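Take a look at the structure set out below.
Chains as they are written, first to last, in the working numbering: chain S, 1 to 468; chain U, 1001 to 1490.
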């Protein structure tokens, strides 16, 4: 269907009655020539009728779902602001452009829909607000079928939804008459509207191509009276939303019919993936934007093709490691068994592979001797347990991680490096160091003393790194 | 209650058939997934055999527990005698209930004093453990308090002005409360340390040793973990009195978890993960990174790729960490990216895949990480992305754990990690194909074979008289029923 790529976008629509509506594009039905918006707010006529007596005032109510007759739609805009949801009792204005007000939202718009196999809410939520009794939820996992994971459109980000999902929504329209109130109620943000033409300038190509093709296919089936719908389709296919800059263009083009919208669209709280996509995370600083733009330029594309595990694993011979390990331990020896001479060399190696001994044998000892964090730290600290990383060593470690992150993600950190540093410093370091400081707020002196005596500051910083 | 305990007809057992109170229990749905002998190789005890309070038994059964797991069989009776315990059992085989049940049993709810301290190393684990206490003790009227860092101390002080029988928490905060005289452990006979080796690492042990001084001289100390490095021995020698040692680990790794590696270049990791997402039948997954920055970077990538994902690390606010943990556990989201913060003890039964996006540096961390799948003897997958730089660590960890991490095959048999009920026709078809595919290696077949054996045995009547741990004598695969939730994780 035309304009399908813009389902989920915030649309401003003016009807022939001059009333302006703002809502989220739910679907465009070219057969019936209708446009369906959800979470619709009426802004009234805003002076368009030219006569104060005839003006209709704006309404504060949000209507769950409104279907507009395409022929009665005078004008359409796509708004910049991301969709926000509100729940208020609906009172639809008397407008002949409105065909109906009952329909469901497609799954992707439910602000907190649980994914398919995990739907059961535990019964006694009240007992423990953070920690629900797990029985019901866990049981539901194993008893319901599991699904392959599919990438799903994020309504606020990708503004893309599969046709099948839209159809599903249409089918469920008959079944579902009541709409649950959205979980999150937020004040509507100030509308930043611009005309479609303005946005067209910022559009990127690959996205437009996809939707334009769709439009051409569908256009043949459309009937003349759908001018407004066609208009919409044309406009939305020509423009691009600024938010799509953040999304993976390649992936969007391939969102397939099996897409299973399952993520909460309102996933922008810290700890939820969407939070990391926000431009003004953590209080919004002016400089943040530029980091993100830098990031966009540096990003590493993810190939659409499957990763070839077989050929990649073929580059790696696990058996070879053994030989390398032996060489490492006995670099000067041809024979493998020469423990005395090899011993000194051994200590200089980065990675120590102890001679074949038992790491764990239940019959010999209750205790094990496998590598663990404690051992790692003791090695770092040196024999007296006091030595910690020098400033230079720490810097080297940090730059090592930066290099690695750049290689893996095309980015050093989410906040472009600098921001992260200050974030950490302000929150934690001020209060007696790292992770430990954040533990007992207002705690007594024992810890400070213990920290000073038991290990130095540097150790704590190491600790902080390892805890993360 | 033959319906609940269908195969329990051994004459040597106490007769529990007249227990009419059981008829009023509200039992959760059963978990019919196959289990390995890590949890099924029991002696055949019943919870009733321990003469537990009626109210406690009700809580146990209503949590979906049917019969004690091996570690519970060993631990509960000894713990009830008051003896110090040093117990070692694999990840997710029921350690938590192994100490929570005796701790609850010993509580006198009429006595308005703290009577048990359950110490754990992380806040999320504290939440989880306290919930197990509340669930199992829900008919007892026991007052359980959870206290960790990252919350307001004042709230804890207020809470302690009321009756508290059991305190669950992390070391720093509890020492705070004890040091201020707010939490009174002077008449607290029971001191349990879960993930004891972590609590006795240099990071925590000075706190723990101070904490012990607030306890009475004749307190009972019980240590539980899947890993016990030698460093714990000095603590044992110093503080434990003739400890009873329980060791149920013939080997370190879980039998139900199949381990693979995928050799990648660093820059291919995201691509590789994306492919794994599309190929694997993930019920829920936990993905580990080696730093906080990398957790956030990866969570962002995954979100951009269009998959739902949460993330958690130590630098987040505790309230945010709690919400993530809570919501993930309730299935709000399929994937969780995290640091080693959630490496230990976290019990989310629905997790069937663990991915080491960054390979860990030591065997201990590796073992605890992959133990997040395959909970309570169920099947799971651990997939390790290995770079050239990781090769020695791969070798080291394999050697130390005595396990094999195999190259990931082009097709992974779903029976290795997907619940049978979730294998639909299309997937069964695929399995047929897989069976013709010679890429399934012998180890995998072994695993599947084991499971099939277990299944068939579960239909037979049990010869549970003998201790069949080594023979793999499988009791009812449903023995632990739908209790997967609260169950007994370490």
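Note that beta-carbon positions come from the ideal geometry of N, C-alpha and C, so glycine has one too.
Nothing here was measured: the structure is a model prediction, and the numbers come from that model.
* Contact belief for residue 1191/U with residue 1215/U at Cβ below 8 Å, rounded distance in angstroms -> 6 Å
* If we ignore side chains and look at the alpha-carbon of each, how far apart do residue 14/S and residue 1409/U end up? -> 57 Å
* Run through DSSP, which three-state label would residue 1062/U get? -> helix
* Asked: Taking 7 Å as the CB-CB limit, is residue 6/S close to chain U?
  -> Not one beta carbon of chain U lies nearer than 7 Å to the beta carbon of residue 6/S.
* **As assigned by DSSP and simplified to three states, the class of residue 77/S** => strand
* To do: Report the three-state DSSP secondary structure of residue 1233/U (helix, strand or coil).
  => helix
* Could one say the Cβ of residue 13/S lies closer than 7 Å to chain U's Cβ atoms, at least one of them? -> Proximity of residue 13/S to chain U, defined by a Cβ-Cβ separation below 7 Å, is not satisfied.
* Please report how far the alpha carbon of residue 1202/U lies from the alpha carbon of residue 1281/U, in whole angstroms. => Roughly 40 Å between the two C-alpha positions.
* Under the three-state reduction of DSSP, which class applies to residue 1052/U: helix, strand or coil? -> Of the three classes helix, strand and coil, the one that applies to residue 1052/U here is coil, per DSSP.
* **chain S contact for residue 1097/U (CB, 7 Å cutoff)** => no
* Mind the definition here: the segment 1156-1173 of chain U touches the segment 1063-1078 of chain U only if three or more C-beta pairs lie below 8 Å; say whether that holds. => no
* To do: Quick one: give me the first and last residue of the alpha helix (DSSP H) that residue 1380/U is part of.
  => Counting along the chain, residue 1380/U sits inside no alpha helix (DSSP H); it lies in the beta strand (DSSP E) bounded by residues 1380-1386.
* Status (buried if at least 16 other CB within 10 Å, exposed otherwise) for residue 1152/U -> That one is exposed.
* Candidates 1166/U, 1156/U, 1337/U, 1194/U, of which the one nearest residue 1180/U by Cα -> 1156/U
* Should residue 177/S go down as buried or exposed, given a rule of 16 or more other Cβ atoms within 10 Å for buried? -> Any answer about residue 177/S is weak, because its pLDDT of 37 lies below 50 and its placement is not dependable; what the coordinates show is given next. It counts as exposed.
* To do: Spatial neighbours of residue 1364/U within its chain, please: CB distance less than 7 Å, with the 5 preceding and 5 following residues excluded, ordered by chain position.
  => Same-chain partners within the cutoff: 1227.
* Asked: Helix, strand or coil for residue 20/S per DSSP?
  -> strand
* Between 1237/U, 1125/U, 1055/U, which lies nearest to residue 1101/U when the distance is taken from Cα to Cα? -> Considering only alpha carbons, the answer is 1055/U.
* **Contact belief for residue 68/S with residue 22/S at Cβ below 8 Å, rounded distance in angstroms** => Actually they do not touch by this definition, with Cβ atoms about 12 Å apart.
* Spatial neighbours of residue 1243/U within its chain, please: CB distance less than 7 Å, with the 5 preceding and 5 following residues excluded, ordered by chain position. => 1084, 1085, 1086, 1236
* In angstroms with no decimal places, state the Cα-to-Cα distance between residue 1133/U and residue 1058/U. => Straight-line Cα distance between these residues: approximately 13 Å.
* Asked: When the Cβ atoms of the segment 1346-1358 of chain U are set against those of the segment 1118-1130 of chain U, are three or more pairs found closer than 8 Å?
  -> The segment 1346-1358 of chain U, when compared against the segment 1118-1130 of chain U, does touch it at the 8 Å Cβ threshold.
* Cβ-based burial, residue 10/S [other Cβ within 10 Å; buried from 16] -> When all chains shown are included, residue 10/S counts as buried.
* Asked: Whose C-alpha, out of 1219/U, 1144/U, 1390/U, 1062/U, is nearest the C-alpha of residue 1047/U?
  -> When only C-alpha atoms are compared, the closest one is 1062/U.
* Can you tell me the Cα-Cα spacing of residue 249/S and residue 1303/U, whole angstroms? -> Because the pLDDT of residue 249/S is 33, which lies under 50, any placement of that residue in the model is unreliable, and the number read from its coordinates should be weighed accordingly. Going from the Cα of residue 249/S to the Cα of residue 1303/U covers about 13 Å.
* Asked: Of all Cβ atoms in chain S, is any one closer than 7 Å to the Cβ of residue 1351/U?
  -> no
* Is the shortest distance between the beta-carbon of residue 1387/U and the beta-carbons of chain S less than 7 Å? -> It does not; no Cβ of chain S falls within 7 Å.
* Residues of chain S with a CB under 7 Å from the CB of residue 1272/U: which are they? -> 307
* To do: Return helix, strand or coil for residue 1020/U, following the three-state DSSP convention.
  => helix
* To do: Note the first and the last residue of the continuous beta strand (DSSP E) segment covering residue 11/S.
  => Unbroken beta strand (DSSP E) run through residue 11/S: 10-15.
* With 8 Å as the limit, tell me which residues of the segment 1224-1243 of chain U have their beta carbon closer than that to any beta carbon of chain S; keep them in chain order. => 1227, 1228, 1229, 1230, 1231, 1232, 1233
* Asked: Under the three-state reduction of DSSP, which class applies to residue 1102/U: helix, strand or coil?
  -> helix
* Asked: With a cut-off of 8 Å, do at least 3 Cβ pairs link the segment 1284-1298 of chain U to the segment 1351-1358 of chain U?
  -> yes
* So is residue 310/S in contact with chain U if we call contact Cβ pairs under 7 Å? -> yes
* Asked: Closest Cβ-Cβ distance between residue 325/S and chain U: below 7 Å?
  -> At least one chain U Cβ lies under 7 Å of residue 325/S.
* Anything in chain U within Cβ reach of residue 68/S, meaning under 7 Å, just list it in chain order. => None at all; the shortest Cβ gap to chain U is about 30 Å.
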